[in-house]
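Reading through the C-alpha cells given below for one structure.
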Amino acid sequence: MIRIREIALAPEHNPNQLIVEAARALKLSPARIRRLTISRRSIDARKKPDVKIVYTVDVEIDGSESKTLRASGCKRAAIVTEKRYRVPRCESNCRPVVVGFGPAGMFAALVLAMAGLKPLVLERGVDAKTRKEQVERYFETGNLDCRSNVQFGEGGAGTFSDGKLNTGVNNPRIGWILEQFVKAGARENILYDAKPHIGTDVLVEVVQNIRKRIISLGGEVRFCTQVTELVTEDDRLIGLKTEHGEFVSCNHAVFAIGHSARDTFAMLHEMGVPMEPKPFAMGVRIEHKQSMVNKAQYGAEDLPLPPADYKLVEHLENGTVYTFCMCPGGYVVAAASEDDGVVTNGMSNADRDGENANSALLVTVSPEDFPYSGALGGMQWQREIEQRAYALSKSAWAPAQLVGDFLSGKISAGPMDVIPSYRPGVVWCDLHDVLPEKITAALAKALPALDGRLKGFASPSAVMTGPETRSSSPVRILRNESRQSSVKGFYPTGEGAGYAGGIMSAAIDGMMTAEKIIEEMTG
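Quick note: the sequence shown uses this note's numbering, first residue 1, plus one each step.
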C-alpha cells in the first residue's frame, strides 16, 4: 500500500479528483489505482479565504509498488504496512468488574469481553435512552435528577458533549477505538478527519450499541447500581458492596467512575485509599455567533466547509488561560449533578448546525491555589463555586455576563446579538461575584490577547456563562506500574481517577487497564 500525503484540493472539489491527483503524484494512469482510501483529512486555512482541504490517501495499484514509487520520485509518498491492534485472549473463571460506564469503563469492558472474560459492569446511572429523556427534562424545567444527568449514566459525561475524539497522545489503540465507534453507528469520517467528533445525537445510539455488543460477548451491565464500599482482606480486593446491600465477589475491579463521582471519592478517601489533589481548570463557557468564528478562521462566512473551530491559549505569570472542548454550532448546557449547584458544559450534535459556537474558557488552578487542604480540597472548592452560582437565582438558571460588561466591571442587562443557548435560562450578573478573583483576573487579562489571535473573540456582545468547574478531575487516585492502587485488584482508571482528559484518552486508559488485568490473569 502506498501512502500519499499533502493532496490539497478546493473545498468544492469532486471526490474523483483524489484519484486523479494520487495518480498524478505517482506518475501513472488513474486506471492503475485499484483502491483509494482516505487516511487523513484536514483543513488548511493559512491563506484565507483560499482555504484548502488537505488529504493523505492510501492507494493499492496494479503492478509493483516499489518500482512505481521509485519511478515517480514522489517525496510525498511512501510504502506503508498496516499495523492493527488485536485484543489478547484469556481463559479464566474469575470475572472482572467494571465500575462506571463512561468511555474508560466502556472500552475496558469491551476489551475484557472480547478477551473472553465476561465482565460485569456496575453503573450508577441509567441507560442512554432513558437518560436522554431525563436530561432533556432537566434542560426544560431545571428539575435535577442527581442519579441521571449530564454527568452520570451510560456513556458518561462525554455522551452530552461535542463527542470529540482527538487527543494529544499518539497511541496504536486510537485507530481501533475509532473503528469500534463506527461499528456501533458513528459516521465513517471519524476514521480519517484530523479533528474527529461524533455528536451527542449520534453518541446516544453508539453507546447503547457498544453495550449490546459487550452483552453479546457474555458481559453483563447493571444500571442504577452504585458501588458504596470496597471489601478487602489483607490489602487485597475480595468484593464490592452496592447501594442495594448486595455483595459482589471479585478480585479485579476497574474503577472508571468519572470526574464528578464526589461521593465515591469521599468513600475511597475515608477507607484510606491513597489519593492526592491534582491541578485542573475552571472558568466559564464563552459563546459567539458561529458565523463570526467562520469568518475569522476561513476569511468568509459562506464557504462549503464545516463550521470552524478554534483552540486558543495565553500563558500568564500566575497561570494559563485556554479554550477547551470547543463546540462549533453547539449549545451551552446545564451539567450539575448535585442539588443546589449550577455547572455549565458544552455539547453539539453531529451536524453542528446550531447558531452559536461555544467553548470552555478556563484558568489553570493548582493545589497551592485551593482554599481547602487535603486530597479533596479541589473538589470542595468546585462545590463552593457551584453553590454560589446557584444562590443567585436558587435555581438551575446560570450566571451570565457580556464580555464587554465583564471587562468594564458592570452587571449586564441582557443579550445583544449573541443569544445565550443555555437552558433553562440565564441570570444576568457580574461574574466577579461568582468566580474566585484568581480566575476573573486571569480571564480579564487574557481576553484582549486572545482576541488578537481570533478576531472577535473578545467582542463586547460575546456571552460568558458559568461556572465551568468540571473540566477534569480535581483528584488523582494513586496507582502503581501495574495500574493498581495499594489495594491489590483495585484499578483506578480514566478521567475521574486523574489519568485522562477526554473521550479518547479515557478509552485508551480503559483499554490499557483491561490489558493489565488480562496479563495478570494469564500469568
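Here a beta-carbon is modelled for each residue, glycine too, at the ideal position from N, C-alpha and C.
Just so it is clear, the structure is predicted and the values come from calculations on it, not from any experiment.
By alpha-carbon distance to P467, the top candidate from A184, R383, D235 and A10 is R383. Straight through space, the alpha carbons of Y192 and Y372 are spaced by roughly 45 angstroms.
Apart from the 5 residues on each side of it in sequence, F370 sits with its Cβ closer than 7 angstroms to the Cβ of P277, G377, G378 and W381 in its chain, given in chain order.
Here T323 is near A360, since their CB atoms are less than 8 angstroms apart. With fewer than 16 other Cβ atoms from the protein chains shown falling within 10 Å of its own Cβ, N93 counts as exposed.
With three or more CB-CB distances shorter than 8 angstroms, the segment 196 to 213 counts as touching the segment 336 to 353. The three-state secondary structure of S359, taken from DSSP, is strand. For the pair A507 and G155, the Cα-to-Cα distance works out to about 11 angstroms. Rounded to whole angstroms, S161 and G346 show a C-alpha spacing of 6 angstroms. Pairing M504 with D263, the inter-Cα distance amounts to about 25 angstroms. Under the criterion of beta carbons closer than 8 angstroms, P399 and L407 do not qualify as touching, at roughly 16 angstroms. Secondary structure of D309 (DSSP, three-state): coil. Judged by DSSP in its simplified three-state form, M1 adopts coil rather than helix or strand. Per DSSP, the unbroken beta strand (DSSP E) holding D58 starts and ends at K52 to I61. Taking C-alpha positions only, I33 is separated from S39 by approximately 16 angstroms. Under DSSP, the beta-bridge partners assigned to K289 are N356. Going by C-alpha positions, E243 is about 26 angstroms away from S472. If only uninterrupted beta strand (DSSP E) runs of at least 3 residues are considered, those enclosed by the segment 480 to 507 are 490 to 492.
Per the C-alpha coordinates, the member of L112, I2, P103 and P492 positioned closest to L217 is L112. Here DSSP, grouped into helix, strand and coil, assigns P448 to helix. When DSSP assignments are scanned along the segment 399 to 475, the uninterrupted stretches of beta strand (DSSP E) that are 3 or more residues long and fall wholly within it turn out to be 426 to 428 and 463 to 468. Per the coordinates, the alpha-carbon of Y499 lies some 10 angstroms from the alpha-carbon of L478. Between the alpha carbons of S66 and I79 lies a distance of about 7 angstroms. A contact is defined here as three or more CB-CB pairs under 8 angstroms, and the segment 303 to 313 fails this definition with respect to the segment 117 to 127. Counting only residues of its own chain and dropping the five nearest sequence neighbours on each side, T68 has a CB closer than 7 angstroms to the CB of L26, L28 and I61. Under the DSSP assignment, V182 falls in the alpha helix (DSSP H) whose first and last residues are I174 to K183. In the three-state reduction of the DSSP assignment, M379 falls in the helix class, which pools H, G and I. The distance from the Cβ of A256 to that of T493 is about 5 angstroms, consistent with a contact at the 8 angstroms cut-off.
With three or more CB-CB distances shorter than 8 angstroms, the segment 48 to 58 counts as touching the segment 1 to 14. Here N358 is buried. Its C-beta has 16 or more other C-beta atoms within 10 Å. Nearest in C-alpha terms to A157, of all of I174, Q484, N251 and H259, is H259.
The C-alpha of R131 lies about 18 angstroms from the C-alpha of D339.
D201: member of the alpha helix (DSSP H) spanning T200 to S216, first to last residue. Annotation for A186: I198, V202 and V206 place their beta carbon closer than 7 angstroms to its own, counting only its chain and skipping 5 residues before and after. Collapsing the DSSP output to three states places L18 in a helix. The segment 132 to 140 makes no contact with the segment 99 to 108; the number of CB pairs closer than 8 angstroms stays below 3.
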